[in-house]
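Contents: one structure, followed by commentary.
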Amino acid sequence: MNRLGRGKRPPQGRGRENASVGVGRMPDDRSTVRAETAVRTPAGPPLLASRLKPAVLPEPVVLRPRLARLLDDGVARPVTLVRAPAGWGKTTLLASWRRSVSEADPEAPAPAWVSVEVGDDSDRLWSYLAAALRSVLDPAGQPVPDRVPRPDELEVLAAALAARDRPVVLVVDDLHRIADPAALTGLEFLLRHTGQRLRLVAAGRTGLPLAVHRLRLAGELTEIGPDELAFTDDETADLLTAHGVAVPAAAVRRLRQRTEGWAAASRIAALALRGQPDPDRWIVQLDGDHPEIAGYLREELLAGVPPPEIELLRRAAVVETVCAGLAAALTGDADAEVRLRGLAEGTGLLHRDGGQPVWYRCHPLLADLLRRELGRLPAEDLRDLHLRATGWYARNGRPADALRHALTGGDWRSAADLLVARWPELMPYDRVTAVGAVPAPPPPPPPPPAAVARDPELALAYAAQRALDGDGEAAGAHLRLATGHAGRLPQPRRTRFGRLVAAVELTLARLAGAPEAVRAAAARLLATRPAGVAETDPGGEPHDATAELAWAGAVPGGAAHEVAAEAAWPDAGSATMAAGGQLRGEAGDDADVRAVAGTALALLALHDGDLTEAGTGFAAALAAAREAGRPRTELVCGSRWALLAALRGRLRAAEETALAALALPPCQGGSAQVDCGYAYLALAVVALQRDQAAEAEANLALAGPASGDPPARVVADWCRAILRHDEGDLSAGHRLLMQARDGWAGRGGELRSWLLVAELELHGARGDLRAARELAGEQPAGPLAVAAARLEMRAGDPRAAAHLLPDWTAAPAADWPLPVRLDAALLAALLAARAGDGRRAGGLLEQALELAAPDGCRRPFIRAEPGLRELLAAHLDSGTAHWSLVSDLVRAVDVPDEQAGGALAGGRATPAASLAEPLTERELTILRYLQSILSNVEIAAELSVSVNTVKTHVRNIYRKLDATRRRDAVRRARELHLI
């Protein structure tokens, strides 16, 4: 197998759906530069023709139409920048796209091409730029100078380009090789002064000598980076198929995850898999030590990186992700932050994982290589790195990471101390599901028997660590080993030890997925509470009166808890147990026990579908975790409580709690991704109910790591189904709902009811009233009855709707989620308006606004039945305590097409088509005030202008809207969706 290098890029697609790939074909070059080895210029030395056209594409080439579309869209702007480290397929992408452009329009010249080489100065670079431009410009037109042009010559050339009918596209590859930014002065002048008739497509690694920030702010830049260049699952499958490799879909997914879509590694793997008897196993074992991958990493990525940066990368490989503080602790380098930023921005070797502080990580294959080299260090040096990591993690709210490094470094005392002092933070609350594409880290070495005999807590610490990694068998073995020494422990140490044993037993019960064992273990843990505390309720869960209040809508607790004790954590290796076996300090107090046991029981309720019990349990456990100062437990409870609160419509409380959870230390640096995923899912539900589709989609993408849990996966599918429904893609919405329903099979509760409601509404939107009515049943109740009533209203049968609609003001309705109550209230208001009872309709509408306003719940209004906009507009005239909200809703609520009179698709009227003279910004501002009861004098005071100015604007508004009084002007403006 040949090692990948220059000219042998991993395969990328040509980018067009109608493009075809023939093995052994050369790129089609339609410029005046042909296959000759040199190009003669009017003056100066000859130029290499190979630098004026792309290299031969490596076959087979994989079609990647999504990237071609990005480039097609990009060349509509002056500059398109393809920027990524080595091996991401930048050159192959541009060469294949250039070929497909030529094939699509054979009469037009192909985009001009220049490959930059090391050492190109201003004169040499311009010689090649001139030759490339000359290949696509009219030879009879203005000649392009071979040397760096004078300012007047640049102006003449810019004028000639600006006068062209069609833009000139110039591709410049390996732009990062230009050492002197002044070499691009002439090209940047042409980009600014050709009336966008020159389009630059540039590719390079990092540190490109272009005014990127200016171009970005001006909206003249399209950027394509590693996230876009990465192979998708489908593209990885196409690549393997093109190389004659057949593997199951799961293996394709593992390969894409292991390589993270890196083109070079994907192509190396495809080539290597051709002769493998067991391709699936080879993919599982793929790492950065593979000879071809390791060679490429060393020659293309690490070559030229200064030794201090290489040493930083190597020492940081002892951890998964690194921030400036952790890097400084590992290296002792005060400039670690500057070096990390340079490696991320200047070389692309590190990827930012976001957050504050900023966390960085290597590509997993590069991390494999660095860890392998790290393993060659002397044992004492490697142990020192683990102890440094232990101390930093312990001081910064990451006890689970601290425990792993303490055990790996053989610091038995610190490992035992961590368990005793931080045991609630070391309990995995959910079953661990390993990602098949990412090899699990090797387990730390078990503690020696002599150390366990001296300190049985050490065996419990090892059991807790193996449980964190999902190794229940090893965890159980060390739990039994620890309990064998319990009889020799004196009091009160034995009591503390029993509490720790109960906590580990609870963890193992959760790992086994045994609900009854979890309840029994939680009861045993609760039995270890110190004497003299409040009694527990019959379910074994501590009773906390504040929990019910919190679940009723208030945020449970305040801002994210600050763990002041972190700064006091002793350095790794320090002894904290005095001779004679004195206790290291109080551990597992009452708040800890309530937090851990309550969290476990609440998680059981959540997975069973009992959202009410889960919400109450999480609220109580969250309060206990904050009382005890346990950020990891706080994150588990807060993220899930936020999701349940969002589902019930407590949007403000859900948003505040989710954001507080995401700000906790365990969420930093890629840790606790499942729990953070729940918080992002809560924010997605909040955005959905506020009718913020783009924000909901963005948070759903961030919630991906939580999708392994059935509740999170079902809620995410439910959200996406609603979003697809809103977009009009009813088939996709239905598929997602069926997927969610299958994922929740065998469970009941509110979530099942909400899935039925969404399915009913989808059937109604598709016009399948029979299926919708069958789903609702003869006598629907609760949210399903509200949805059935809405269905009948939209079907034109208000009498049937009124018959089905429950009394939303009755006591049972108080337990409905807020969006359901609002749906019922708005439907009741519309039915009252249809019956001619405007007074009752207005009262019901005001009650709905009173419910919706505190949380900003807009979706029930915006997606309500036809007729609501007119009701809202009339409500503005009659007076409301929520004038701003109603005004905003009037503008947002859609008007049915048959009422819009010349509306656009989507039901919006076109003001420009109806107004001969548009309103100015100031006139629009005053128009909004005309909806209120304010006089002209009061409007003038609000805007800090004279009353005569307001009167002048009002006269202009009346004239432009063809109105003679305020009421008519407001009505006309609403018809045009101006307000």
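So the sequence shown is numbered by my numbering: it starts at 36 and just counts up by one.
Note that CB positions come from ideal geometry on N, CA and C, so glycine has one too.
Residue(s) in a DSSP beta bridge with residue i
i	result
Leu233	Val203
Thr257	Thr115
Tyr395	Val357, Arg387
Asp208	Ser150
Ala238	Val117
Same chain, Cβ closer than 7 Å to residue i, five either side skipped, listed in chain order
i	result
Ala451	Asp490, Glu492, Leu493, Ala496
Gly739	Gly712
Tyr993	Thr999, Ala1004
Lys995	Leu950, Glu952, Leu954
Glu856	A small fix is needed here, since residue 856 is Arg in this sequence, not Glu. The residues are Trp843, Ala848, Leu886.
Ala610	For Ala610, the pLDDT reaches just 30, beneath the cut-off of 50, and the residue's location in the model is therefore unreliable, leaving the point undetermined.
Thr356	Asp388, Trp394, Tyr395, Arg396, Gly704, Gly705
His910	Gly877, Leu880, Val921
Gly799	Ala807, Leu826, Arg829
Arg1002	none
Arg199	Arg232
Trp586	With a pLDDT of 41 at Trp586, under the threshold of 50, the modelled position of that residue is not reliable, and no figure is offered here.
Presumed contact (8 Å Cβ cut-off) between residue i and residue j, rounded CB distance
i	j	result
Ala364	Arg411	About 22 Å separates the two Cβ atoms, so there is no contact after all.
Ala868	Gly902	7 Å
Thr634	Val671	6 Å
Leu226	Val114	7 Å
Leu129	Pro89	7 Å
Leu336	Ala305	Contact flag wrong, Cβ pair sits at about 20 Å.
Leu853	Gly650	Leu853 to Gly650, Cβ: 14 Å. No contact.
Ala741	Ala717	Not confirmed; about 10 Å, so no contact.
Residues of its chain near residue i, where Cβ-Cβ distance is below 6 Å and the 5 sequence neighbours each way are ignored
i	result
Pro746	Leu641
Thr317	This sequence places Trp at residue 317; Thr is not what is there. Hits under 6 Å: Gln311.
Nearest residue (CA-CA) to residue i, options the options
i	options	result
Leu375	Leu348, Leu400, Leu332	Leu348
Val319	Cys892, Arg825, Glu669, Ala285	Ala285
Arg185	Ala846, Trp161, Arg169, Leu638	Trp161
Ala806	Ser788, Leu826, Gln703, Gly817	Leu826
Gly781	Ala707, Asp645, Tyr964	Asp645
Leu535	Ala557, Val282, Leu290, Gly802	Ala557
Phe653	Thr267, Gly254, Ala637	Ala637
Thr220	Glu762, Leu959, Leu164, Leu678	Leu164
Leu87	Val149, Pro144, Glu327	Val149
Val151	Val207, Leu172, Ser135, Ala198	Val207
Glu796	Ala714, Leu723, Asn734, Glu900	Glu900
Thr563	Ala509, Arg629, Ala362	Arg629
Leu401	Ala437, Gln774, Asp322	Asp322
Glu372	Ala656, Ala485, Ala362	Ala362
Val97	Gly763, Ala277, Ala811	Ala277
Ile897	Glu188, Gln727, Val720	Gln727
Arg350	Trp297, Leu332, Arg406, Lys125	Arg406
Ala439	Ala414, Glu344, Gln500	Per the sequence shown, residue 439 should be read as Arg rather than Ala. Arg439 has its Cα closest to that of Gln500, out of Ala414, Glu344, Gln500.
Residue i in three-state terms, based on DSSP
i	result
Cys672	helix
Arg407	helix
Ala994	Looking at the sequence shown, residue 994 is not Ala but Arg. Reduced to three states, the DSSP call for Arg994 is helix.
Leu819	helix
Met828	helix
Asn983	helix
Ala352	coil
Ala197	helix
Trp458	helix
Asp858	helix
Ile1014	coil
Ser967	coil
Ala656	helix
Gly704	helix
Proximity test, residue i beta-carbon vs the ligand PLP heavy atom, cut-off 7 Å
i	result
Arg234	Of ligands this structure carries none, so the ligand PLP is not represented either.
Same chain only: Cβ atoms within 8 Å of residue i, ignoring 5 sequence neighbours per side
i	result
Arg1007	Leu996, Asp997, Ala998
Leu772	Asp752, Trp753, Ala756, Leu790, Ala793, Glu794, Leu797
Val553	Leu541, Ala544, Arg545, Ala635, Leu636, Leu639
Glu223	Leu245, Ala246
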